[in-house]
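Okay, structure first, notes after.
Number of protein chains: 2
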Amino acid sequence: MFKPLDPLLHSQLRLAVMSLLIGLEEAEFTFLREKTESTAGNLSVQLDKLEKAGYISIEKSFKGKRPLTTCKITTEGVKAFEAYVENLKNYIS
Amino acid sequence: MFKPLDPLLHSQLRLAVMSLLIGLEEAEFTFLREKTESTAGNLSVQLDKLEKAGYISIEKSFKGKRPLTTCKITTEGVKAFEAYVENLKNYIS
DNA sequence: TAAAATGGTTTAAATAATAAACCAATTTAT
DNA sequence: ATAAATTGGTTTATTATTTAAACCATTTTA
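Going line by line, the protein sequences match chains Y and R. Just so you know, we're using this note's numbering here: the first sequence kicks off at 279 and counts up by one. Just so you know, we're using this note's numbering here: the second sequence kicks off at 279 and counts up by one.
Next up, the structure:
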């Protein structure tokens, strides 16, 4: 009935990030910060966790002279997100 | 877009409890523990939080000679749960 | 060239979740 | 009758998470 909810996804900010990435397939750090209305510090930490879990990949480069952090969801991330949503439905319906 | 998720409900165990109570309107401690597969300690703590938030009411009595803790969802709890679910949908759809 | 802004990361403090220990009473077994 | 186990919980303590605050390097603006 109540299957455990992946704790990596059961976090407001990480879930919002995954939700954005699943639609976009690629997004910049600043875009994610604006859309999620999070602080940079918090976002940085949560992106790290998602990357370490293999749910997203992070690429660092430069946009002009400025550092640029780009995030993509992985296939593993998509799977995890979908499984999370399926599980969650049992809690809210 | 991503409205904040009520932190009191964005917790696996508390959400499971609310999910059960919204259907049943009344449930015993032991029933909740079995259905949620939680430990008594964890459940006790989380029920306290829900009660303090005004989302459930807790009544202590006796069933025969044994202590009996009965939980009910409040109208405030129903509202909060429904609002939480509406918000959550923006994250998972 | 000093001040402010950009694009972040790291560290540290506050909060939350979980498990472990405990308690009082009751039931079961000896 | 009494010891051991079970029931129905609560309290306390450990661990993990979240969040904010401080920081860093560079770049742009005044």
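Ideal Cβ placement from N, Cα and C applies to all residues, glycine included. A quick note: this is a predicted structure, and the numbers were derived from the prediction, not measured.
Range of the contiguous beta strand (DSSP E) that encloses residue i
| i | result |
| --- | --- |
| K357 (chain R) | Taken as a continuous stretch (DSSP letters only), K357 (chain R) belongs to no beta strand (DSSP E), being part of the alpha helix (DSSP H) at 353–370. |
| S316 (chain Y) | Taken as a continuous stretch (DSSP letters only), S316 (chain Y) belongs to no beta strand (DSSP E), as it is neither H nor E. |
Test item: CB-CB of residue i and residue j under 8 Å
| i | j | result |
| --- | --- | --- |
| E306 (chain Y) | T348 (chain Y) | yes |
| N320 (chain R) | L291 (chain R) | yes |
| E303 (chain R) | K350 (chain R) | yes |
| Q324 (chain R) | S289 (chain R) | yes |
Reduced DSSP category for residue i - H, G, I as helix; E, B as strand; rest coil
| i | result |
| --- | --- |
| T347 (chain Y) | strand |
| S339 (chain R) | strand |
| A294 (chain R) | helix |
| E303 (chain Y) | coil |
Cβ shell of residue i (< 8 Å), same chain only, five flanking positions each side left out
| i | result |
| --- | --- |
| M279 (chain Y) | N368 |
| T314 (chain Y) | L291, A294, V295, L298, L321 |
| K281 (chain R) | N365, N368 |
Contacting residues, own chain, Cβ-Cβ under 7 Å from residue i (five flanking each side not counted)
| i | result |
| --- | --- |
| L287 (chain Y) | L293, M296, A358, F359, Y362 |
| S316 (chain Y) | L291 |
Cβ neighbours of residue i in the same chain (closer than 6 Å, five flanking residues each side left out)
| i | result |
| --- | --- |
| G355 (chain Y) | Y333, I334 |
| A331 (chain Y) | L286 |
Buried/exposed call for residue i, threshold 16 Cβ in 10 Å
| i | result |
| --- | --- |
| D284 (chain R) | buried |
| S339 (chain Y) | exposed |
| L346 (chain Y) | exposed |
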